[in-house]
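A quick write-up on the structure given underneath.
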Amino acid sequence: STIYVFFKNKEDLLVSTYLEIKYHLAETLLDDFDDNLPIRDIIKSAWFSIFNFVSNNLEAYDYIEQFANSPYSSLVDKEALEREYLPLINVIAKGIEQKIIKNVDMNILSAFLFDPVSRLANPRLSYGLEMDAGNLEQAFTMAWDAIKL
């Protein structure tokens, strides 16, 4: 019952936890964000930040994955959450505008660019593959090749 001093109900607890993790991920991703760099370099930095976040926060990342696939995900203000990632979204939009990145829906770009890195960062899902510098570079290049024109 102590938990309800801080949260209105179970749904509030679950949503708040999800948002806290997603905001922390956004902070990590944008920590050394510099939109003056070339687009590929910005995206590469974000990609590696996601890898490091997932690698170092497996339980938290598992939570956001499970939450995203639950009915509770409909309770999240997706536009407010998207605002946290706006600098990166704007860089991707700029890449599309400059014909560096394929002009497809942002969800498709995200699936090819960011979903694989979270799998590779999770040792339970990468089946013992050692993600050394060479493998990381190769994986990013493959993700970049999937979205670039």
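Whatever position you read off the sequence shown (first residue = 1), add 1 for the numbering used here.
Where is the CB? At the ideal position from N, CA and C, for every residue including glycine.
- The C-beta of F68 has 16 or more other C-beta atoms within 10 Å across all chains shown, which makes the residue buried.
- For a cut-off of 8 Å, the C-beta gap from I148 to I90 is around 14 Å, too long to register as a contact.
- Between the beta-carbon of A144 and that of V118 there is about 7 Å, and that keeps the pair under the 8 Å contact cut.
- Considered as a whole, the stretch 103 to 150 harbours 107 to 114, 116 to 122 and 134 to 148 as its complete alpha helix (DSSP H) runs of no fewer than 4 residues, in chain order.
- In the structure shown, L26 falls within a helical segment according to DSSP collapsed to helix, strand and coil.
- By the neighbour-count criterion, in which 16 or more other beta carbons inside 10 Å mark a residue as buried, F7 falls on the exposed side.
- When C-alpha distances from V55 are compared across L126, D146 and N136, the shortest belongs to L126.
- When only Cα atoms are considered, L114 and D42 end up about 14 Å apart.
- For K9, the three-state secondary structure derived from DSSP is coil.
- In terms of Cβ geometry, F34 and S46 form a close pair [threshold 9 Å].
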